[in-house]
Each structure stands twice: as structure tokens, then as C-alpha cells.
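**Q** Dropping a structure here in C-alpha cells format, bear with me for questions.
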Amino acid sequence: MISAQYGAPQHELNVLSSLLRDGSTAYQLVDWNRSGGPQYWLRSDHFQTTWLGDAYAALVPDGLADIEQRLQAYPGADRAQVVADALTARMMTLYQQRAAAGDANAQWAVNQAYYTHSEFWAGLHSTFRQLAQPTWPANPEHARHDAYVTARAAQHPSTTENVPFELARPRGYDNAARSRELAVIGAVLNNAARAQQFRYVPQSPDASPYWLQPQDFGDPATAEIWDALVTGPDPAIALPAASDPNLTPQQRTEAMIHHITTRLTYNDHHRSTGDPAAQARLDANVNQTIGAWLAYASSPDFRPDPNAPDFKPNPDHAAQYAVTFILEPSIPAAVEDLAGRVRDYGLSNASLGQIGLELSTTEYALGQLAERLDNAPRTLAGYSTPDQTTKPAPEQSEGQPSYTSLPTERRVLISLMQDPSQLYRDGPTRSLAEQDFTQPEHRYLYKALQSLPPDAVQDRWLLNHQIQRLARYDGAPPLDFQKLDNIGLAARTEKVAPADQGAGHLVTMTVRRTARDASTTVEAAARETLDPRTLIDQSREQFQQATREALRYHEQSMPQPTPYNTQRANVA
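The opening position of the sequence shown corresponds to residue 192 in the numbering used here, with each subsequent residue numbered one higher.
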């Protein structure tokens, strides 16, 4: 395969080839609807292959003008040779600028130019010359679709070669749900201006300005269609033809549908190397059938329910349909998916800082979900029933790890009784909290050690009295004082290690236990018939508590920073 020969995905090579063969291709990569003026929606950091991203940065927009000037100056020269010369020179200038700013990789590339036979620059020049040949297997007319795959691959990396992205995972779904999704899509296809019903101003500048997102759809096909129509890079609603007053409404719809089906075909083409289902769709020409369905869904004759042929949706109510039939039903599945990620990651062999980061990322995702829901035209906004309260985590089933360590708890308490000053030194012991002890007797012994002066801890009479008072004030069940006496005896007769060793272990166990319980509670709540907003709020409360536990003393497991490692680009 050509992509293997050049060490780069085919769609990335196709983008650069199309630009080198026809400079006007760049107009396909411009978003003309930006409020700040036309901008390129494909960026150099979208390229997973470093040297291709650098070539794109050197090429757009000034490099294309440089190529045109050289071609005009040498009308009889070999076009591919002129293009390769111009782009190589532009890349040298780019690397020199980066090297001056302290970029070690760029400095390495500049240094190669001073060698008599530089494999780096010779390889670049040869590659550019081949990409500029008219025989390159890519159509410049479809450059926008290759660029779209490039942009999406950067945001949805896949472990399968050349598979650009997966937008949604299937969940409980039927033909009625699909028809409702098609009604929303058809309304926008019928009139691109209806996409304004889905716009809002997010708090995060990186968030999409549309409250309905592809992942809200239950079918990966309709999710991908919505991405190509509204939310993705270079969407169909941004096509000049989509709002051209000189075209009929049917012609505008046809232009958007052609854009979508071509994009679906390109996505399947790039998936097909690792996804047999994508190749099967190409062989069966499924995207042509999808185009016919989109045309029907956008027409006034669309009837979503064959059992009710007299009913047809009102396209002006597209936003209300979307929030009722797509966004709100998707929230329990989205929350459950986030909880599953927390459960898998929180119980893995990760540092406390990494677990805290994962938990805070989940909180942020729930916050964005709440923001999108609040900006949608909900019909039950603010509604909740009195019995929608957080339920405790279900009891653990047999065979799962308990995330408790009673011997460690006992050794830590013995060490603290022998040397209570450890509670006030920097280290894991200082970060201990009562929730780190799972036995009631251990918990109240620790609370008593914390509440008494260091010299009083050695007095067994005062210590036992303090334990009883604390338990009585909290309304705790009767404690087993035989266990406490055994710990007291061990403190006078056993020699144990400093508390820091065991304290760090207990904190880690608490973090994993809290992450497990939070995710289990959230997963259980997602299966209940809660109001979506209530579900989000309760889930955030659970994960906030788990995050606080993870960040309580995460420095003890954070690795030391390592120097930045630079890698050289492999071009050929």
C-alpha cells in the first residue's frame, strides 16, 4: 500500500497531493461562514504524520502562492519538479523559524541541510515530487473529504490502521427511534437555516456550538450523518450551495445530501482496511440507499411511522423533536458509559493523581452534558419527582476485590499509638482520614488519636474514654472493645514499621474503593427512570467526592517529571 510506503495514512497523503496538483483545492478547506472571516478548518496539528503536518503548514496559504509564482516564471519546466523545489524551500524556512525559537526537532532538520547527501531533505523532495504527479491515486475534487477524515482522525484516534473514527456506540435502538432521528436530520436538510435552532454559546471555547452532538444519536450511521451535516469539520450546512438563493430548495437539499453520502463513502473507504463491515457497505452501495432515505426524510411527504400514515412531523419543531427523542434518551447511556470508564480506570493499576485526573475529566464531561441539556428547549426543564434521590452503592458481589486491608489498618494504628507525633509530619500519614479505616473500631481509635494531645495518647484510660465518647456522639453501634484491647496490647509488645508505609497503602485503597462505589452508584442510577438533569447532578456529586479522595494526597504516587523527548520525523 502507498500509505505503508510513505509511513503515513492515505487520506493525509491525498490532502497534500491534491493541494500540490491543484492550488485551487485550498478553497475546499475554507470555512466561509466564520464570523471572523474565512478560515481554514483543517489545521496542521490535525495531521498524525509530523512531516505532512509541517508540509501543510508551509504550504497553506503562502506556499501555494509561491508555487504559482514559480510556475509562471518557468512555464516550460516540469511542474512536479517546480512544486517539490518550492515546497522544500518553504519547509526549510519554516524549520529555520522554529529552530530560532528553540525547537530541537527543527534544529535537527536544519542541520541536515548542511550535509553533502542529506537523506532527510532528499527524501522530502522525492516524496513531494511524487505527490505532485497527476498519476497520484486521489481526486482533488474530493480533497475536502480526505481533509475531513484527517481532522476527525485527530479527534477520534483508533487502534486500527486507517480507521478514522467511531462516533457512537450502539445501544437499545429500534426503527421508531431511527425514524425520529431522520425527522430531525430531514428538517435541516430541507432548510439549512434550521440548524440555528441547535446553536448555543458554550462556556468552553473548545466546545462545539451545537447542543445536539453525534454521540447523542443511537445509531452510528445517523450519528455520522449529523456530524457531516452540522457539527463536523466542513459541514454540509456550510456549503455555499446550501444557502444559495439562486438554487431551488430541492437543489440545495440535493447538494447537502451529495456532500453527506460522499463523505460516508470516503469514511468507509478509509475504514475498509481494518473493518470488514465498512468494506461490505461499500460493496453493497449502502450509501446510495442512505442518500435516498435522506431525500425522503427531507421531503414534505416523510411519514416516520408506517402504522400512522396520516401523521407527518413538523420540520419547524426539529429542536423539540431532537431534545425529546434524541438528547434526553441518550443521557442515561452516556452517564453509564462515563461511570464504566471511571470504574475500569479507578480500579486499574494507576497512580492516585491519574485517577484524580480521570475523575475530574468525567466531571467536566458531565458538566458539558448538563450545559447542552440546559440550552436545549426542554419540555420538562426543572422537573423532578421527590423520590429521585441518590441510592447507596449495591453490595459487592463475590469474586470482586474488596479494596480493604485490615492487617495494614491495624499496623498503622499500632505505629501511631507508639509514636503519635507521626500524625503531624509531612507524608502519607498526615493525609490519613477516618474513611481510610473500614472497621468501626479502627475508625474511632484513629479519631481518638487525632483528637487527643500526643502525651494523652499513651494513657489507655483517656484513650478508651475518648473512643467511647466519639462513638456515642456519632450514634455508632456498640464497638468491640476486645479488638481495641488487642491493638493496645500489641502497641506495648510489637515492633512495627513507621506508619507512612501503611498509610500510603490505605489512602490508595480508599481512592479505589470510592471510585468503585461512585461508579457503581451512578451505573445503578442510570438504569432508573430519573429526570436526565437530576441524573447528571447526582452523578457529579458522586464523582466529586471520589475526586476529592483521589487528590487528597496524590503526590505520593506521582512520578517525577522526565525531560522532554524529541522524535525525528520519518519521511520515506
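Beta carbons: idealized from backbone N, C-alpha and C, even for Gly.
These figures come from a predicted structure and were not determined experimentally.
For P495, which residues of its own chain have a beta-carbon under 8 angstroms away from its beta-carbon, when the five flanking residues on both sides are left out?
**A** A367, S370, R371, L373, A374, F502, K503 and P504
**Q** With distances taken from CA atoms, which of R343, Q303, S209 and A513 is nearest D236?
**A** R343
**Q** Assuming A530 and S710 make a contact with CB atoms under 8 angstroms, what is their CB distance in whole Å?
**A** 4 angstroms
**Q** Taking its Cβ as the centre, do 16 or more other Cβ atoms sit within 10 Å of P598, making it buried, or is it exposed?
**A** exposed
**Q** Just the C-alpha distance for I517 and A468, rounded to the nearest angstrom, thanks.
**A** Distance from the CA atom of I517 to the CA atom of A468, rounded to whole angstroms, is 25 angstroms.
**Q** Quick one: grab the DSSP three-state call for R494.
**A** coil
**Q** Looking only at DSSP bridge pairs, what is V221 linked to?
**A** Y231
**Q** By alpha-carbon positions, which one of I658, E332 and D610 ends up nearest to K674?
**A** I658
**Q** What would DSSP say about R534, mapped onto helix, strand or coil?
**A** helix
**Q** What residues in its chain sit with their C-beta under 6 angstroms from that of F734, if we drop five residues either side in the sequence?
**A** L550, T553, E554 and A709
**Q** State yes or no: is the C-beta of R390 within less than 8 angstroms of the C-beta of P400?
**A** Yes, they are a contact pair.
**Q** So who's on the other strand from R739, going by DSSP bridges?
**A** R739 pairs with nothing; no bridge assigned.
**Q** Please tell me whether A681 and T620 are closer than 8 angstroms, where the distance is taken between their beta carbons.
**A** no
**Q** Identify, in the order they occur along the chain, each residue of the same chain with its Cβ nearer than 6 angstroms to the Cβ of S748, setting aside the five sequence neighbours on each side.
**A** Unreliable positioning characterises S748 in this predicted model, as indicated by a pLDDT of 46, which lies under 50. A coordinate reading is not provided.
**Q** When the Cα atoms are used, what is the spatial distance from N296 to R335?
**A** 30 angstroms
**Q** Can you tell me the Cα-Cα spacing of P252 and T279, whole angstroms?
**A** 15 angstroms
**Q** Would you report the Cα separation of R569 and T422, rounded to the nearest angstrom?
**A** 20 angstroms
**Q** Quick check on DSSP: helix, strand or coil for L210?
**A** helix
**Q** Taking all protein chains shown into account, do 16 or more other C-beta atoms lie within 10 angstroms of the C-beta of Y457, making it buried, or fewer, making it exposed?
**A** buried
**Q** On the three-state DSSP scale, how would you describe R270?
**A** helix
**Q** Between which two residues does the alpha helix (DSSP H) holding S606 run?
**A** L597 to Q609
**Q** Report all residues from its chain with a CB closer than 6 angstroms to the CB of Q591; omit the five preceding and five following residues, and keep chain order.
**A** The pLDDT assigned to Q591 is 47, lower than 50, so where the model puts this residue is not dependable; a value taken from the coordinates is nonetheless given after this. There are no such residues.
**Q** Taking W652 as part of the alpha helix (DSSP H), name the residues at either end of that continuous run.
**A** Segment R651 to D665, the alpha helix (DSSP H) holding W652.
**Q** When the distance is taken between beta carbons, is S309 closer than 8 angstroms to D407?
**A** No, Cβ-Cβ distance for D407 and S309 is not below 8 angstroms.
**Q** What separation, rounded to the nearest whole angstrom, lies between the Cα atoms of T480 and P424?
**A** 24 angstroms
**Q** Measure the CB-CB distance between R454 and Y339 and report whether it falls below 8 angstroms.
**A** Between R454 and Y339, the C-beta gap is smaller than 8 angstroms, which places the two residues in contact.
**Q** Helix, strand or coil for R616, going by three-state DSSP, please let me know.
**A** coil
**Q** When you compare the stretch 276-295 with the stretch 237-256, are there three or more beta-carbon pairs, one atom per stretch, that lie closer than 8 angstroms?
**A** Taking a cut-off of 8 angstroms on C-beta distances, the stretch 276-295 touches the stretch 237-256, as three or more cross pairs fall below it.
**Q** What's the call for A256, buried or exposed, on a 16-neighbour Cβ count within 10 Å?
**A** That one is exposed.
**Q** Do you know how far the Cα of Q239 is from the Cα of Q758?
**A** Low local confidence applies: a pLDDT of 35 at Q758 is under 50, so the model's placement there is unreliable, and no value is given.
**Q** Please report whether the beta-carbon of D257 lies at a distance below 8 angstroms from any beta-carbon of chain B.
**A** The question asks about chain B, but that chain is absent: this structure has only one protein chain.
**Q** Buried or exposed for S606, going by 16 or more other Cβ atoms inside 10 Å?
**A** Here S606 is buried: its Cβ has 16 or more other Cβ atoms, across all protein chains shown, within 10 Å.
**Q** Since L557 and S730 should fall inside the 8 angstroms C-beta cutoff, what is the C-beta to C-beta distance between them, to a whole number of angstroms?
**A** 6 angstroms
**Q** Taking its Cβ as the centre, do 16 or more other Cβ atoms sit within 10 Å of H779, making it buried, or is it exposed?
**A** Shown here, the chain extends from 192 to 763; a query on residue 779 therefore has no answer.
**Q** Can you tell me which of the three DSSP states Y391 falls into?
**A** coil
**Q** Tell me the residue span of the alpha helix (DSSP H) that contains V698.
**A** A690 to A717
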